[in-house]
Amino acid sequence: MAVLPLLSLSNGVFANTLVSSARVWPASEYTRLTLESALPIQYSLSTVKDPDRVVVDLEHVRLSPELENLPGKIDATDPYIRAVRIGRFKPTVLRLVLDLKTEAIPQAFVLKPVGNYGYRLVLDIYPAIPPDPLMALLNENATAMLQPDLNADSGINAKANSKAIRNTATAKRNKSETIRLITVAIDPGHGGEDPGAVSRSGTHEKDITLAIAKKLKAKIDKEPNMRAALTREGDYFISLPMRLVKARQLNADLFVSVHADAFIKPHARGSSVFALSERGATSAAARWLAKKENEADLIGGVNLDIKDPYLKQTLLDLSQTATINDSLRLAREVLSEIGDINHLHKNEVEQAGFAVLKSPDIPSILVETAFISNPDEEKKLKDVAYQDKLADAMLAGIKRYFANNPPLARSRMVFLE
1 MAVLPLLSLS NGVFANTLVS SARVWPASEY TRLTLESALP IQYSLSTVKD PDRVVVDLEH
61 VRLSPELENL PGKIDATDPY IRAVRIGRFK PTVLRLVLDL KTEAIPQAFV LKPVGNYGYR
121 LVLDIYPAIP PDPLMALLNE NATAMLQPDL NADSGINAKA NSKAIRNTAT AKRNKSETIR
181 LITVAIDPGH GGEDPGAVSR SGTHEKDITL AIAKKLKAKI DKEPNMRAAL TREGDYFISL
241 PMRLVKARQL NADLFVSVHA DAFIKPHARG SSVFALSERG ATSAAARWLA KKENEADLIG
301 GVNLDIKDPY LKQTLLDLSQ TATINDSLRL AREVLSEIGD INHLHKNEVE QAGFAVLKSP
361 DIPSILVETA FISNPDEEKK LKDVAYQDKL ADAMLAGIKR YFANNPPLAR SRMVFLE
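Note that UniProt numbering numbers the sequence shown so that position 297 is 297, with each residue one more than the last.
This is the structure:
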């Protein structure tokens, strides 16, 4: 354990707040530390340079076993935190020092109790220069296209062959049909502090949605004129507005949010596809589900003090009639394909006020793959072969949508033989 050699007292005389859980959620976008307690934690936050560190002073907090074990939860692969040190700075102050791997911008905030959580002190470590999702997607595609041919000749013959191939490729490309590259943003629901629905056996929706989303991405990436990007690539939390922001940063043509439904009665079953509604939900069940999904930020943890004008722009109440109509067309195609592999909860697309679908310019759907609260459907959702079928069905629906609704021209182009 990395304990700061500050004061010999293991616990201050006035320390009365106990941290019952300490969690770490590393991700490419940011790393989150969460300290959970029965009482709100008073804290102060500062940064130190040369080397880069973040210092968090906790008022009236005991040095509990959970805090003592926190340094061991920092993985060597964490992109931003090198190590955590902890010790008593003053009789009433417990100090956490985060040794950083790079310059970072920390944010800290306290969340009130919600669901199964008590008070949470959340510390987010963001890179000083945030990653660009569009550049990451382009780099990923470039890497895939530049994979070497292991059967190619070497030396002088290889150079000659390479030149001949380039000339042939150029000639073919000039004669080829030019079409636009289609980008699909895939959103695995929930993540990190927000598990989503949890089955009676302990299966978390966030794990199921990520597994299915990764399969869908892999299948889309194999299509010659399509590429996909995930709003999250691991077990960490992304706020609902930020999921929309990432889709728009990618210039996405579609947004597909993947979920696994739950209900208080275990016999509820079937798949559903939803689109946004500006005029209220199409059913009481759709309204209930939208309310539940929209509360994800309360559970996952959002810093409400951040005033991001780009987020506000994303959530502007614009006229979305055209986008909603496109969303409904996409939803019908996907629902039809999913109906071939699973019972449908309803035979028509439903609509409700899902916050994650409120992009004013990207056709967006939410797919409830099955009921994780139904034991039989839970088994399906955990089955790799069934996950593969779901991904195939969603891809087929997406391709059929674009066959009937070609995307508008943009600068990103690919060439077909």
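In this text, a Cβ means the ideal position worked out from N, Cα and C, and glycines have one as well.
Remember, predicted model here, so these are calculated numbers, not experimental data.
Inclusion of Ala-352 and Ser-277 in the CB contact set at 8 Å is warranted, their separation being smaller than that value.
In this structure Ser-373 is buried. Its beta-carbon is surrounded by 16 or more other beta-carbon atoms within 10 angstroms. Rounded to whole angstroms, the separation of the alpha carbons of Tyr-401 and Ala-228 is 16 Å. Less than 8 Å separates the beta-carbon of Leu-381 from that of Ala-260. In this structure, the CA atom of Ser-46 is about 17 Å from the CA atom of Leu-35.
Remark: three or more beta-carbon pairs, one from each stretch, lie closer than 8 Å, so the stretch 207–219 and the stretch 386–395 are flagged as touching.
Ile-41 and Ala-128 have their alpha carbons spaced roughly 26 Å apart. The Cβ atoms of Ile-365 and Ser-327 lie closer than 8 Å to each other. Arg-232 sits close to Pro-188, with the two beta carbons spaced by under 8 Å. Nearest Cα to Asn-325 within the set Val-349, Val-110, Gln-107: Val-349. Within the model, the alpha-carbon separation for Tyr-43 versus Asp-194 is close to 24 Å. With respect to the C-alpha of Pro-51, the residue from Lys-214, Thr-102, Phe-89 having the closest C-alpha is Thr-102.
With respect to the C-alpha of Pro-91, the residue from Val-61, Arg-269, Pro-79 having the closest C-alpha is Val-61. Non-local C-beta neighbours of Ala-22 in its own chain, meaning closer than 8 Å and more than five positions away in sequence, comprise Leu-33, Thr-34, Leu-35, Glu-36, Glu-66, Leu-67, Asn-69, Leu-70, Lys-73, ordered along the chain. For Pro-131, the number of other beta carbons within 10 angstroms of its own is below 16, and it is reported as exposed. Distance between Val-258 and Glu-377, taken at the CA atoms: about 16 Å.
In the DSSP assignment, Leu-216 falls outside any beta strand (DSSP E) and within the unbroken alpha helix (DSSP H) covering 205–221.
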